[in-house]
Amino acid sequence: MGDVLDQWVCVVTQHSMRSVYAGPDAPFRPECIKENVARVCGHVERAAKDHGAKLVVFPEFCVQGYAIGRSIADWERAGIELPGPETAEMAKVAKATGTYIAGAVFERIADFPGRYFMSGFVVAPDGATPEDQVKLVYRKLYALTHKTRPGDMYDQFVAKFGRAALFPVIKTPLGRIGCAVAADLAWPEVTRTLAMNGADFVFNPIGAVVNPGYASPSDDADQPVGNANSTVRRIRAWENTIYLATANIGPFYDRDAAGHEIPAQAVGTAKRIPAEIVNFRGQVIARADTDAETQVPAVIDMKALAEHRKSPQFNFLAQLQPQLHAPDYAAAQLCPLNGLATPHKDADEAVNFIAGVWDRISATR
1 MGDVLDQWVC
11 VVTQHSMRSV
21 YAGPDAPFRP
31 ECIKENVARV
41 CGHVERAAKD
51 HGAKLVVFPE
61 FCVQGYAIGR
71 SIADWERAGI
81 ELPGPETAEM
91 AKVAKATGTY
101 IAGAVFERIA
111 DFPGRYFMSG
121 FVVAPDGATP
131 EDQVKLVYRK
141 LYALTHKTRP
151 GDMYDQFVAK
161 FGRAALFPVI
171 KTPLGRIGCA
181 VAADLAWPEV
191 TRTLAMNGAD
201 FVFNPIGAVV
211 NPGYASPSDD
221 ADQPVGNANS
231 TVRRIRAWEN
241 TIYLATANIG
251 PFYDRDAAGH
261 EIPAQAVGTA
271 KRIPAEIVNF
281 RGQVIARADT
291 DAETQVPAVI
301 DMKALAEHRK
311 SPQFNFLAQL
321 QPQLHAPDYA
331 AAQLCPLNGL
341 ATPHKDADEA
351 VNFIAGVWDR
361 ISATR
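Our numbering puts the sequence shown at residues 1 to 365.
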């Protein structure tokens, strides 16, 4: 793979955080952002020292935390800019340790008021300025919440960022890196497009607890498949011959009157979908064995990946003929682009929009 390292260490975290909102009606606490960024930086320093990590992956919400029942305006207010002061702090640690830092945050984009995005990012150790060190920004493309998906306002998004911003893949000494945030993995087109754009490694920040909406990580035959469980991750890695690294939230915490850490809110103490790393054969090579805050390291063998891809029978991407499928995709009348070109008011509006799409599809079948 040319200038790519033969082997290197990735660490995925179950990162504890303090939410900027303590609950559905609590005031905004901007100081929590600085606290969470400092915790991210501490993780990177430990991962570099303890494991020799070259890439440390953090979950969704890693800078702002999360709280149920907050509005679009709340998360827009809590959103950060990419690049911005928070990534500048990470850039210092990335440069000092020679480590790449990846994760996902609530992002605010000044040109798109009334919206927020759930955005993956990579901060690299190299770059003339902290802004230059932000090498990748990817906005989550799927899943229904009151965030904005780029396809909801496709024309406006592409006019500002270009189509390349939809599925960015960056070239690094570690290989080509892309991002799929959380439930994006439920749409195979996302990871397949990243692979077609050259990705060797996809990081997958999630914020998932075990509940009826998220199946457990078990691969038992009678286990329902959920968009956060291991079956989906293993298939995505295998079918695209890539590494896939998933980082999940650790326990949320708050502080008592004396400043000591204490458990916070139900989502903060619920059982976790474990963080894990999957190789190009679909094998889980590292997995968290606790719901607590932790780091999970694994060796990423780029030389072995390159050798595996030389086997035609196992290189599904090399066998793919996109032109076979392109006309059917182009003709399919499913969820339209620009369907929420005007900012929506809440998650219900997005859900009702998709329900209407299915009603229309059903009526024509």
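Built from N, CA and C at the ideal position, the CB exists for glycine as well.
Asked: State the start and end residues of the unbroken alpha helix (DSSP H) segment that holds aspartate 346.; Found: First-last for aspartate 346: undefined, no H or E at that position.
Asked: With aspartate 155 as the anchor, note down where its alpha helix (DSSP H) starts and where it stops.; Found: 154-161
Asked: May I ask you to report which of helix, strand or coil DSSP gives histidine 43?; Found: helix
Asked: Grab me the residues of leucine 82's own chain with a C-beta within less than 8 Å of its C-beta, minus the 5 sequence neighbours each way, in chain order.; Found: Val105, Glu107, Ser119, Phe121, Val134, Val137
Asked: Have a look at glutamine 319 and lysine 160 and give me their C-alpha separation to the nearest angstrom.; Found: 35 Å
Asked: Leaving out five residues on either side along the sequence, give the residues of the same chain with a beta carbon under 6 Å from the beta carbon of tryptophan 8.; Found: Lys54, Leu174, Ile300
Asked: Among the residues of its own chain, which have a CB less than 6 Å from the CB of arginine 287, if the five just before and after it don't count?; Found: Pro274, Glu276
Asked: Tryptophan 238 by DSSP, collapsed to three states: which one?; Found: helix
Asked: Write down every uninterrupted run of the alpha helix (DSSP H) in the region 74-155 whose length is 4 residues or greater and which is fully enclosed by it, in chain order.; Found: 85-97
Asked: Given this structure, state the Cα-to-Cα distance separating proline 168 from arginine 176, to the nearest angstrom.; Found: 10 Å
Asked: Counting pairs of beta carbons, one from the region 82-94 and one from the region 26-39, are three or more of them closer than 8 Å?; Found: yes
Asked: Please state whether DSSP places valine 357 in a helix, a strand or coil.; Found: helix
Asked: Which residue wins for smallest C-alpha separation from alanine 304, given the options Asp25, Phe280, Thr191, Val232?; Found: Phe280
Asked: Out of Pro24, Pro312, Ala47, Phe117, which has the shortest C-alpha to C-alpha gap to arginine 139?; Found: Phe117
Asked: So does the region 41-52 actually touch the region 178-194, counting three or more Cβ pairs closer than 8 Å?; Found: no
Asked: Hey, would you say isoleucine 242 sits closer than 8 Å to valine 202, going by beta carbons?; Found: yes
Asked: So, at 6 Å on beta carbons, what are the nonlocal neighbours of glycine 250 in its own chain, with the 5 sequence-adjacent residues on each side left out?; Found: Gln14, His15, Ser16, Glu293
Asked: Excluding five sequence neighbours on each side, which residues of the same chain lie with their C-beta closer than 7 Å to the C-beta of glycine 65?; Found: Met17, Arg18, Ser19, Val20, Cys32, Asn36, Phe252
Asked: Less than 8 Å between the C-beta atoms of alanine 67 and glycine 23, yes or no?; Found: yes
Asked: Going by the CB atoms, is the gap between isoleucine 285 and alanine 298 shorter than 8 Å?; Found: yes
Asked: Could you give the distance in angstroms between the alpha-carbon of threonine 290 and the alpha-carbon of proline 327?; Found: 46 Å
Asked: Which residues share a DSSP beta bridge with tyrosine 243?; Found: Phe201
Asked: Hey, out of Leu340, Ala355, Asn248, whose CA is closest to phenylalanine 112's CA?; Found: Leu340
Asked: Go ahead and pull the three-state DSSP assignment for phenylalanine 314.; Found: helix
Asked: Go to threonine 191, then tell me how far its beta strand (DSSP E) extends in each direction, as first and last residue.; Found: Element bounds for threonine 191: not the beta strand (DSSP E) but the alpha helix (DSSP H), 188-196.
Asked: What are the boundary residues of the alpha helix (DSSP H) that includes histidine 308?; Found: 302-309
Asked: According to DSSP, simplified to helix, strand and coil, what is asparagine 229?; Found: coil
Asked: Return the first residue and the last residue of the alpha helix (DSSP H) that glutamine 323 is part of.; Found: 322-331
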